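Novice:
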Amino acid sequence: MAGAGMHPYHQQWVPPPAPAVAPPVPVDTPNRPPADEIRTVFITGLPGDVKERELHNLLRWLPGFEASQINFKAEQPMGFALFSTAQHAMAAKDALQDLEFDVETKSALHTEMAKKNLFVKRGVASESSSIDQSKRLRTGGDYTHAGYAAPPFHPQPTPVWGNPGGYIAPHPPPPYDPYGGYQVPQVAMTTPPPLPASSRYAPVQNNKDNPPCNTLFIGNLGENVNEEEVRGLFSVQPGFKQMKILRQERNTVCFIEFEDLNSATTVHQNLQGAVLTSSGRGGMRIQFSKNPFGRRKDFINGAASEPNGAPTYQQ
DNA sequence: AGCACA
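Numbered per numbering that gives the first Met the number 0, the first sequence spans residues 0 to 314.
1. Would Pro210 and Leu260 qualify as a contact pair, given that the criterion is a beta-carbon distance under 8 Å?
2. Check whether the Cβ atoms of Leu108 and Ala80 sit closer than 8 Å, and answer yes or no.
3. Less than 7 Å between C-beta atoms, sequence neighbours within five positions excluded: which residues of the same chain meet that for Glu36?
4. From Asn205 to Phe216, what distance separates their C-alpha atoms?
5. Between the segment 240-247 and the segment 270-284, can you find at least three pairs of beta-carbon atoms closer than 8 Å?
6. Return helix, strand or coil for Arg199, following the three-state DSSP convention.
7. Return the Cβ separation of Leu203 and Arg284 in integer angstroms, given the expectation that the two are a contact with Cβ distance under 8 Å.
8. If you follow the alpha helix (DSSP H) that Lys72 is part of, which residue opens it and which one closes it?
9. Taking Cβ to Cβ, would you say Glu256 is nearer than 8 Å to Phe292?
10. Restricting to Cα atoms, I'd like to know which of Ser83, Glu65, Phe100 and Pro62 is closest to Ile42.
11. In the DSSP output, what is Gln96 paired with across the bridge?
12. Assign Thr265 to one of three DSSP states: helix, strand, or coil.
13. With 16 other CB atoms within 10 Å as the buried threshold, where does Val315 fall?
So, in structure tokens, the structure goes:
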């Protein structure tokens, strides 16, 4: 074992010298992306009866997602998805390209960069509901006491974490202000109270993810990560159902099942890059699993794969 | 990058 033992406070990732002057979330964010840069994806190939909410639910897990809208006036629905940066938009464009939106109609999406940015009317369009992306909770809490209550929102400045949960992030995302500088009352949103989070995060590269599903695949855990530490972190997440750890040659991966797609998505977002003390690696990489928990990879003829005939749900 | 389980 390299390093002879894990001292609990022997961090692998030392946050950069935190600027003592932590500008507490400026109301006016000076460095928003340039107004002229296109950061909107144009989406066609949507089924004629698509709902705005369906598109939003598909998009919301994508890094940097801000808002989406569908124009129903044309022959076929035209979707627009706004992201916080052009990079995020382009990554999303590639991720969505040819995606089978609807299993029944087999309709595949076609994406391009939009000609102009989606204009988000305040309070209208389906704005990314949660405290998403840049507003995620990044606390200095100690999750090892499983079951501890999430600390009150702790405006401790996030150390430079290079990656908002995916794709290549050559530089840290700009501190995007989702409320565009005007005050919005913090109304109850769809997202439950802040999650207990890992104590620290490190940039992680996640350029190949799978379609959202209720099971997460956790990679980059290191070969001798402590299972209880993994469990301690995930089992307190809302919607957690079960997990299975898989030891491999020089690596360990883990599968975690959640009640539904929403809770999985939330954890996918919030714990992306979380650093476990026992994993002498950087941050964990969280992806959606290729197969949902309890679903065989090589099912035969799509039938009889359920032992007791109980219905399963594709989520 | 590594995707199991019945």
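Every residue gets a Cβ at the ideal spot worked out from N, C-alpha and C, and that includes glycine.
Here the structure is a predicted model, which is why all the values come from computation and not from measurement.
Specialist: To lay it out plainly:
1. no
2. no
3. Ala85
4. 12 Å
5. no
6. coil
7. For clarity, residue 203 is Val in the given sequence; the question names Leu instead. Indeed, because the Cβ distance is near 5 Å, the residues count as touching under 8 Å.
8. Here Lys72 belongs to no alpha helix (DSSP H), and DSSP marks it neither H nor E.
9. yes
10. Phe100
11. Note: Gln96 sits in no beta bridge, so no partner.
12. helix
13. Because the chain spans 0 through 314 in this model, residue 315 falls outside it and cannot be assessed.
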